[in-house]
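Take a look at the structure below.
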Amino acid sequence: MSEIVPPEVRPKPAVPAKPSHVGPSSTGIPSALGSQGSGVGGHGSGGGSALLGYIGIDTIIEQMRKKTMKTGFDFNIMVVGSSGLGKSTLVNTLFKSQVSRKSSGWSRDEKIPKTVEIKAVSHVIEEGGVKMKLTVIDTPGFGDQINNENCWEPISKYINEQYEKFLKEEVNIARKKRIPDTRVHCCLYFICPTGHSLRQLDTEFMKHLSRVVNIIPVIAKSDTLTVEEKNEFKQKVRKELEISGIEFYPQKEFDEDLEDKSDNDKIREAMPFAVVGSDKEYQVNGKRVLGRKTPWGVVEVENPNHCEFAQLRDFLIRSHLQDLKEVTHNIHYETYRAKRLNDNGGLHPISSATPSDTQESNL
Amino acid sequence: MSQAEKLKQGQFTNPETPGYVGFANLPNQVHRKSVKKGFEFTLMVVGESGLGKSTLINSLFLTDLYPERIIPGAAEKIERTVQIEASTVEIEERGVKLRLTVVDTPGYGDAINSQDCFSTIIAYIDDQFERYLHDESGLNRRHIVDNRVHCCFYFISPLGHGLKPLDVQFMKAIHNKVNVVPVIAKADTLTLRERERLKRRILDEIDEHGIKIYHLPDAESDEDEDFKEQTRILKASIPFAVVGSNQQIEAKGKKVRGRLYPWGVVEVENPEHNDFLKLRTMLITHMQDLQEVTQDLHYENFRSERLKRGGRLSSHGYILPLSPAYVPVFLILPKNVELRFQSALFACAKYKLALMN
């Protein structure tokens, strides 16, 4: 198995992490101007000279937004965890639509797969004029066997295959205008809420994959833990992750500036988020809420006192969606690319459509 | 009431009924002797870590069997294999003594490769049978200690969609050696509908794989209606979905054992919340039956297999011949054959009495 051995210090690639200009269209949308939305003098070429009148440079934000809305986004999220941890329900709850088919019970004909399968399903969802092509990559069979050794290998292989696909497109001489991005931007890892500690399988998986993809651990079905148990469990999990040297997203080493660092620190303190998912609505105090109805009360999914779903959603979708894509492109992908290029001493000549053309790679 | 007092009250002679002998009093004598002797019961709990096994045992017997427990982290668990830890506690209630041994199996199902995590457990069960067989065949049979496992609670995770491959394999490996009672752990994770669905799935899968779990005996026709109803309810609720807790929570003005969540309180002893009471009732009212089935079925199976295999059993010079056909029956008599004899006698007498009335 090829292990990507990162150098001691992850090198900041030549391309700045937050490009201040429209980069190659493969990333989809550059974030900087879009998210920061500050006016002139934000980054780069400003130089700080005073302007004598209004020019209109800040309308570039509006232009970019229009362009973004036209091209749309790609987002690929992978969910990993033993069966029955509520992965599909959570993804459906996150994106408020039936994007993931629930395997609510293996029927007699569908046995638990003997090896881990990778199933990618895409949907286009739209909100406020913005279209998103969301791909949910499910991994049925993970952790379900008696012998789960190396069950992360098919997953690792899949992730590297996507990088390879992208790399091949990128080194092509005649490149596509917009390279389809199937790389896994985010991997939600579901931790079983035992209340004791992480399982061996959890640490092994995360150790092998945290250098290859952004891993966001979540505590699944957290309505099984009382408030004290939840806090204790979180502390234990964080300590174990630290001891094993597992860096989950947002990784400390990629924090750009102080503002980022303090934001991300707060998030890191609260992770892993203890979530509950549901697609059913119930009436509570006159409002319709998403939740789970039990004889002793209704667990409200979006109530921050009940579980941390709202926090996870805000973090994942409302504030860090673009950052996930960028870290994947600028760091994980670049690491893969560097290793590939070093290993083979340059890539083989790539022929796109006609094998008769001997195209040289542009390296 | 002692025998003397009973004599005085004339309970042994009843001139109204000719032919009344009085051995209808046998059960009382047996009862008194057993109470003096005390009961022994060995319960084994098997399941992955974090399913609440220890909490449930503590809740069932209202005691703290594991006072100084250190739960190892994932890194420390790597080198561990399945251990067997037996803790014994003597419980006494209204003069009846129970010597309860709980056999815990930490490490079960924890490793990435759980291929042979149950060989240790099976070896333990067989070992207890072997010891009993050895004691039974020995010369001095006065103080045979019965450490055979009478019942095994198998904890099923509520998070899956039914039985996992490991569950199926393990239950198939031990269902001929011990009474298996499947229990759905941490049942407060499930809504009522999910619980019903899970129970049905588990029962279907148990059928499909031919796993023999412990079946409650039907109530006899002469028992009262309440007991029959109770047995019906118990039978319909298998596998039991339980929640364990020893914390006292204030709910609706009274103190109950339960778990406090921001959205409500799960009461351990509320039959609408979970099946804890049913599990406890089943265990208590069928403790005797569990022991009997262990003795009559599992132990006898083991014994016949073992004797067929042959070899020396007793170290007192009793060389048992290899073929069981030659073994004189009176040499190896199970200890409670007398009890069975007595109960058979009693049944006859009852029948006789019924005929006369």
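Protein sequence lines correspond, in order, to chains A and B. Under the numbering used here, think of the first position of the first sequence as 954, with each following residue one higher. Under the numbering used here, think of the first position of the second sequence as 1307, with each following residue one higher. Each residue gets a CB set at the ideal place from its N, CA and C atoms; glycine is no exception.
(request) At 7 Å on the CB atoms, spell out the chain B contacts of K1246/A, in chain order. (result) Numbered from 1 along the first sequence, position 293 holds the residue referred to as residue 1246/A. Near K1246/A (Cβ distances below 7 Å), the residues of chain B are T1497.
(message) Pairs of beta-carbons, one from the region 1234–1244 of chain A and one from the region 1206–1220 of chain A, closer than 8 Å: are there three or more?
(response) Between the region 1234–1244 of chain A and the region 1206–1220 of chain A, the count of Cβ pairs shorter than 8 Å is below three; the stretches do not touch.
(request) Give the DSSP-derived three-state secondary structure of L1469/B in the structure shown. (result) As a position in the second sequence, residue 1469/B is number 163, starting the count at 1. In this structure, L1469/B counts as coil in the three-state DSSP scheme.
(message) In whole angstroms, give me the CA-to-CA distance for I1540/B and D1524/B.
(response) Within the second sequence, the letter at position 234 stands for residue 1540/B. Within the second sequence, the letter at position 218 stands for residue 1524/B. At residue 1540/B the sequence reads Leu, which differs from the Ile that was named. Rounded to the nearest angstrom, the two C-alpha atoms are 10 Å apart.
(request) Give me the Cα-Cα distance between K1020/A and T1012/A, rounded to the nearest whole angstrom. (result) Indexing the first sequence from 1 puts residue 1020/A at position 67. Indexing the first sequence from 1 puts residue 1012/A at position 59. In a straight line, the C-alpha of K1020/A is about 13 Å away from that of T1012/A.
(request) Rank L1589/B, A1392/B, G1564/B, R1499/B by C-alpha distance to the C-alpha of T1681/B and give the top, closest one. (result) What is shown of chain B runs 1307 to 1663, which leaves residue 1681/B out entirely.
(request) Starting from the Cα of E941/A, find the closest Cα among N1217/A, N1029/A, I1196/A and give me that residue. (result) Because chain A spans 954 through 1316 in this model, residue 941/A falls outside it and cannot be assessed.
(request) Can you pull the chain B residues whose beta carbon is under 9 Å from the beta carbon of H1285/A, in chain order? (result) Here residue 1285/A corresponds to residue number 332 of the first sequence, with the count starting at 1. Simply none; closest approach about 25 Å.
(request) Could you tell me which residues DSSP pairs with L1404/B in its beta bridges? (result) As a working mapping, residue 1404/B is identified with position 98 in the second sequence. DSSP lists F1345/B, I1397/B as partners of L1404/B.
(request) Tell me, please, whether the CB atom of L1154/A is closer than 8 Å to any CB atom in chain B? (result) If you number the first sequence from 1, residue 1154/A lands on position 201. Taking Cβ atoms only, chain B reaches closer than 8 Å to L1154/A, which makes this a yes.
(request) Please check if any C-beta of chain B sits within less than 8 Å of the C-beta of E1261/A. (result) Residue mapping note: residue 1261/A aligns to position 308 of the first sequence, counting from 1. No, E1261/A lies away from the interface with chain B (no Cβ there is under 8 Å from its Cβ).
(request) Could I get the ranges of all uninterrupted beta strand (DSSP E) runs contained in the region 1093–1155 of chain A, with 3 residues as the minimum, in chain order? (result) Within the region 1093–1155 of chain A, the runs of beta strand (DSSP E) at least 3 residues long that lie entirely inside it are, in chain order, 1139–1144.
(message) At the level of alpha carbons, what is the spacing between G1623/B and D1441/B?
(response) For this step, residue 1623/B is matched to residue 317 along the second sequence. For this step, residue 1441/B is matched to residue 135 along the second sequence. Summary for G1623/B: the model assigns pLDDT 36, below 50, so the residue's position carries little reliability; its value from the coordinates is reported in the next sentence. Cα to Cα, the separation comes out at about 14 Å.
(message) Within a Cβ cutoff of 6 Å, which residues of the same chain sit near Y1142/A, ignoring the five residues on either side of it in sequence?
(response) Taking the first sequence and counting its residues from 1, the one referred to as residue 1142/A is at position 189. Exclusion of the five residues before and after Y1142/A leaves V1033, I1168, P1170 as the residues of its chain whose Cβ lies within less than 6 Å of its Cβ.
(message) Need the endpoints of the beta strand (DSSP E) that K1072/A sits in, please.
(response) Position 119 of the first sequence, counted from the first residue, corresponds to residue 1072/A. Boundaries of the beta strand (DSSP E) harbouring K1072/A: 1072–1080, taken from the DSSP string.
(message) For G1564/B, list the residues DSSP reports as bridge partners.
(response) Position 258 of the second sequence, counted from the start, is the residue given in the question as residue 1564/B. Paired residue(s): E1573/B.
(message) Excluding the 5 residues flanking S984/A on each side, which residues of the same chain have their C-beta closer than 6 Å to its C-beta?
(response) As a first step, residue 984/A must be located in the first sequence, where it is residue number 31. Confidence at S984/A is low in this model, with a pLDDT of 40, below 50, so the placement of that residue should be treated as unreliable; the coordinate-derived value is given next. Once the five neighbours on either side are set aside, the close Cβ partners of S984/A are Q1275.
(request) Identify the contact partners of I1099/A in chain B, using a Cβ-Cβ distance below 7 Å as the criterion. (result) The residue labelled residue 1099/A in the question sits at position 146 within the first sequence. Close partners of I1099/A in chain B (Cβ separation under 7 Å): S1420, Q1421, P1471, L1472, Q1475.
(message) Could you check if F1262/A belongs to the surroundings of the ligand FMN, using beta carbon to heavy atom distance under 7 Å?
(response) Although the ligand FMN was asked about, the structure shown includes no ligands whatsoever.
(request) Quick one: using the 10 Å Cβ neighbour count with 16 as the cut-off for buried, is D1155/A buried or exposed? (result) Position 202 of the first sequence, counted from the first residue, corresponds to residue 1155/A. Taking a 10 Å sphere around the C-beta of D1155/A, we find 16 or more other C-beta atoms and assign the residue as buried.
(request) Enumerate in chain order the residues of its own chain whose CB-to-CB distance from V1251/A is below 8 Å, with the five nearest sequence positions on each side excluded. (result) Stepping through the first sequence from its first residue, residue 1251/A is reached at position 298. Sequence-distant Cβ neighbours of V1251/A in its own chain, meaning closer than 8 Å and more than five residues away, are Y1235, V1237, V1242, G1244, R1245.
(message) At the level of alpha carbons, what is the spacing between M1017/A and H1273/A?
(response) Taking the first sequence and counting its residues from 1, one reaches residue 1017/A at position 64. Taking the first sequence and counting its residues from 1, one reaches residue 1273/A at position 320. Going by C-alpha positions, M1017/A is about 19 Å away from H1273/A.
(message) Distance check for K1470/B and G1358/B, CA to CA, integer angstroms please.
(response) Within the second sequence, numbered from 1, the residue matching residue 1358/B stands at position 52. Within the second sequence, numbered from 1, the residue matching residue 1470/B stands at position 164. G1358/B and K1470/B have their C-alpha atoms some 18 Å from each other.
(message) Please confirm whether S1041/A has its beta-carbon closer than 8 Å to some beta-carbon of chain B.
(response) For the purposes of this step, residue 1041/A is taken as the residue at position 88 of the first sequence. Judged by the 8 Å Cβ criterion, S1041/A is not in contact with chain B.
(message) Let's test the definition: count the other Cβ atoms within 10 Å of the Cβ of G1574/B and tell me whether it reaches 16, buried, or not, exposed.
(response) Working through the second sequence from its first residue, we reach residue 1574/B at position 268. According to the sequence provided, residue 1574/B is Val. The question's Gly does not apply to it. Under the 10 Å beta carbon count, V1574/B is surrounded by 16 or more other beta carbons and is classified as buried.
(request) Report the residues of the region 1559–1578 of chain B with a CB closer than 9 Å to any CB of chain A, ordered along the chain. (result) Here the close residues are G1564, R1565, L1566, Y1567, P1568, W1569, G1570, V1571, V1572, E1573, N1576, E1578.
(message) Rounded to the nearest angstrom, what separates Q1421/B and K1614/B at their Cα positions?
(response) Here residue 1421/B corresponds to residue number 115 of the second sequence, with the count starting at 1. Here residue 1614/B corresponds to residue number 308 of the second sequence, with the count starting at 1. One alpha carbon belongs to Q1421/B, the other to K1614/B, and they sit about 29 Å apart.
(message) Per DSSP, what are the beta-bridge partners of C1423/B in this structure?
(response) For the purposes of this step, residue 1423/B is taken as the residue at position 117 of the second sequence. Partner(s): none; C1423/B has no beta bridge.
(request) Just mark V1166/A as buried or exposed, buried being the case when its beta carbon has 16 or more other beta carbons within 10 Å. (result) To locate residue 1166/A, count along the first sequence from 1; it is residue 213. Burial call: buried.
(message) Can you check which of these residues, V1484/B, L1496/B, V1474/B, is closest to D1510/B by C-alpha distance?
(response) As a working note, residue 1510/B is residue 204 in the second sequence. Scanning V1484/B, L1496/B, V1474/B for the CA closest to the CA of D1510/B turns up V1474/B.
(request) Assuming P1568/B and N1258/A form a contact by the criterion Cβ under 8 Å, report the distance between their Cβ atoms to the nearest whole angstrom. (result) Reading the second sequence from its first residue, position 262 is the one you call residue 1568/B. Reading the first sequence from its first residue, position 305 is the one you call residue 1258/A. Sure, about 5 Å apart at Cβ, within 8 Å.
(request) Give the DSSP bridge partners of K1240/A, in chain order. (result) Position 287 of the first sequence holds residue 1240/A. BP columns for K1240/A point to V1237/A.
(message) Using a Cβ-Cβ distance cut-off of 8 Å, determine whether G1198/A contacts chain B.
(response) The residue labelled residue 1198/A in the question sits at position 245 within the first sequence. With 8 Å as the cut-off, G1198/A does not count as an interface residue toward chain B.
(message) Looking at the strands, I want to know which residues DSSP matches up with A1557/B.
(response) Mapped onto the second sequence, residue 1557/B falls at position 251. Beta-bridge annotation (DSSP): A1557/B is paired with K1560/B.
(request) Can you tell me which of G1550/B, M1593/B, G1559/B puts its alpha carbon nearest to the alpha carbon of P1577/B? (result) Taking the second sequence and counting its residues from 1, one reaches residue 1577/B at position 271. It is G1550/B.
(request) Kindly list the residues whose CB is nearer than 8 Å to the CB of S1365/B, restricted to its own chain and excluding five residues on each side of it in sequence; keep chain order. (result) If you number the second sequence from 1, residue 1365/B lands on position 59. Same-chain partners within the cutoff: G1550, S1551, N1552, R1563, V1574, F1582.
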